[in-house]
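Numbering (this note's numbering), first residue to last: 16 to 447.
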């Protein structure tokens with residue numbers, strides 16, 4: 016049990032056997048009340064207070080926390096956020112590129128601020144809100160404000176680190192979850208699909224060996240890395256399916272093969288126009304086998320025949336491709352150069368075509384390899400055809416033969432009946 020000691024007085028025994036309080040040498044200096052207790056691990060701890068009521072409250076809280084398993088070692092919480100974040104990141108089991116991206120965001124958007132060197136147990140909701148306010152005025156290298164979505168991602172990293180600190184018993188609760196902390200909300204931007212003319216224009220303006228990328232993006236909805244990693248072995252020309260099972264990405268400035276985003280392997284229907292272009296391309300350019308590490312720069316060497324490679328028979332590097340191949344073609348077509356008009360725009364075009372044709376959100380989500388149909392719905396709901404006319408037609412078709420007003424009035428429809436009523440109302444009435 017926790018004990019409380021009065022350091023300004025001590026109890027002495029008088030000659031008559033009674034006891035009395037007398038002042039100690041510490042009387043009037045320092046904090047008067049000392050609480051001693053043992054941690055669950057057996058280590059003795061102590062803390063001083065000016066008032067006995069505070070000492071009593073602390074002693075009671077310590078014992079209650081020990082009983083409920085909520086005891087927090089105050090000394091452990093003195094670890095700096097920076098040190099704990101570094102350990103947290105090293106322990107993550109995500110792929111190397113994801114860890115690299117998280118580390119980069121922490122360096123750019125957390126390290127320059129006081130939060131980075133704050134002890135974990137001193138981080139309060141107000142400090143987090145102040146940090147978020149500072150991020151709101153950050154400008155990118157292009158001079159534009161830091162996107163709310165980017166600020167939201169960085170905030171999620173910080174919150175995850177503080178959650179882990181709670182789980183490790185370093186702090187009692189996560190201040191990022193406080194109601195007074197306003198987490199950044201995504202920018203209310205809507206995806207704008209490319210017009211067909213831009214898709215055709217890019218196909219015409221790209222160098223001939225890279226033209227299949229336009230068809231793979233607009234015709235299969237592949238991500239850029241998935242286009243780079245597509246193998247003829249992934250294409251079932253007879254049954255009309257494509258298995259999307261790898262991508263080419265950059266980890267530590269080195270190209271590697273890896274599973275698709277979210278580690279989701281998927282099957283995508285192969286339209287005849289895509290099938291025919293792939294067949295023609297492979298007839299003109301034989302697949303080249305490329306060997307890259309698997310997932311990590313020091314991963315197992317993996318050999319894969321690729322549909323499209325560079326002139327040097329290498330896998331495509333997105334940095335070089337985007338700058339030296341994609342952007343010049345964009346300029347020739349007259350497409351504004353922006354992040355929204357990168358290769359990913361072809362994927363949006365694919366989604367818009369499917370939705371306009373009436374394909375279900377569930378199917379579109381599966382073909383795109385999204386984490387959930389809910390994400391697909393949030394991203395593309397504004398592209399779905401209006402449903403009002405289809406709703407009216409569906410109900411009319413289902414109910415008119417049984418109970419439509421026209422069935423009781425010589426086959427007249429509700430519109431006919433209303434027209435007759437309007438006509439009757441407009442006729443002159445005789446005086447009564």
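Where is the CB? At the ideal position from N, CA and C, for every residue including glycine.
Extent of the continuous alpha helix (DSSP H) to which residue i belongs
| i | result |
| --- | --- |
| residue 359 | 359-371 |
| residue 107 | Residue 107 -> no alpha helix (DSSP H), and no H or E assigned at all. |
| residue 165 | 163-182 |
| residue 122 | 111-124 |
| residue 229 | 227-235 |
| residue 146 | 140-150 |
| residue 239 | 239-243 |
| residue 378 | 376-383 |
| residue 333 | 333-336 |
Whole-Å CB distance - residue i paired with residue j, under 8 Å assumed
| i | j | result |
| --- | --- | --- |
| residue 247 | residue 302 | 5 Å |
| residue 131 | residue 97 | 5 Å |
| residue 168 | residue 125 | So it is not a contact: roughly 12 Å between Cβ atoms. |
| residue 324 | residue 306 | Not confirmed; about 12 Å, so no contact. |
| residue 151 | residue 77 | Between residue 77 and residue 151 the Cβ distance is about 40 Å, and since that is not below 8 Å, they are no contact. |
| residue 135 | residue 186 | 5 Å |
| residue 230 | residue 289 | 5 Å |
| residue 196 | residue 143 | 5 Å |
| residue 227 | residue 322 | 6 Å |
| residue 282 | residue 258 | 6 Å |
| residue 70 | residue 48 | 4 Å |
| residue 266 | residue 104 | Not really, about 15 Å apart at Cβ, beyond 8 Å. |
| residue 163 | residue 127 | Between residue 127 and residue 163 the Cβ distance is about 19 Å, and since that is not below 8 Å, they are no contact. |
| residue 269 | residue 384 | Not really, about 24 Å apart at Cβ, beyond 8 Å. |
| residue 386 | residue 216 | Contact flag wrong, Cβ pair sits at about 32 Å. |
| residue 50 | residue 36 | Not confirmed; about 19 Å, so no contact. |
| residue 234 | residue 382 | Their Cβ separation, rounded to whole angstroms, is 11 Å, which puts residue 234 and residue 382 out of contact at 8 Å. |
Among the options, the one whose alpha carbon lies nearest that of residue i
| i | options | result |
| --- | --- | --- |
| residue 145 | 94, 325, 136, 198 | 198 |
| residue 39 | 26, 33, 30, 261 | 26 |
| residue 319 | 212, 188, 109, 273 | 273 |
| residue 165 | 83, 147, 177 | 147 |
| residue 23 | 30, 161, 42, 348 | 42 |
| residue 240 | 395, 227, 261 | 261 |
| residue 357 | 299, 140, 286, 209 | 209 |
| residue 351 | 396, 380, 213 | 213 |
| residue 123 | 244, 362, 153 | 153 |
| residue 93 | 138, 285, 118 | 138 |
| residue 296 | 118, 224, 183, 364 | 224 |
| residue 220 | 374, 408, 347, 388 | 347 |
| residue 380 | 58, 286, 394 | 394 |
| residue 107 | 179, 331, 83 | 179 |
| residue 330 | 337, 304, 354 | 304 |
| residue 328 | 251, 398, 243, 90 | 243 |
| residue 236 | 334, 362, 245, 355 | 362 |
| residue 250 | 30, 99, 293, 234 | 293 |
| residue 495 | 29, 256, 298 | Only positions 16 to 447 of the chain appear in the structure, and residue 495 is not among them; the question remains open. |
| residue 133 | 95, 181, 117, 232 | 95 |
Residue i (DSSP reduced to helix, strand or coil)
| i | result |
| --- | --- |
| residue 426 | In this prediction, residue 426 scores a pLDDT of 48, lower than 50, which makes its location untrustworthy; the coordinate-derived value is nonetheless stated afterwards. Note: residue 426 maps to coil in three-state DSSP. |
| residue 313 | coil |
| residue 284 | strand |
| residue 327 | coil |
| residue 24 | strand |
| residue 393 | helix |
| residue 214 | helix |
| residue 101 | helix |
| residue 37 | strand |
| residue 442 | Any answer about residue 442 is weak, because its pLDDT of 49 lies below 50 and its placement is not dependable; what the coordinates show is given next. Of the three classes helix, strand and coil, the one that applies to residue 442 here is coil, per DSSP. |
| residue 30 | coil |
| residue 248 | helix |
| residue 342 | helix |
| residue 410 | helix |
| residue 278 | helix |
| residue 192 | helix |
| residue 421 | Model confidence at residue 421 stands at a pLDDT of 48, short of 50, so the residue's coordinates are unreliable; what they give is reported in the following sentence. Residue state, collapsed to three classes: helix. |
| residue 318 | strand |
| residue 129 | helix |
| residue 95 | strand |
| residue 354 | helix |
| residue 154 | strand |
| residue 432 | Its pLDDT being 47, under 50, residue 432 is placed unreliably in this model, and the value from its coordinates should be taken loosely. If DSSP states are grouped into helix, strand and coil, residue 432 belongs with the helices. |
Residue range of the unbroken beta strand (DSSP E) whose run includes residue i
| i | result |
| --- | --- |
| residue 260 | Per DSSP, residue 260 belongs to no beta strand (DSSP E) and is neither H nor E. |
| residue 308 | 303-308 |
| residue 270 | 269-273 |
Contact test: residue i Cβ vs the ligand ZN heavy atom, cutoff 7 Å
| i | result |
| --- | --- |
| residue 254 | The ligand ZN is not part of the structure shown, which contains no ligands of any sort. |
Every unbroken beta strand (DSSP E) inside the stretch 40-80 [3 residues or more]: 48-53, 59-64
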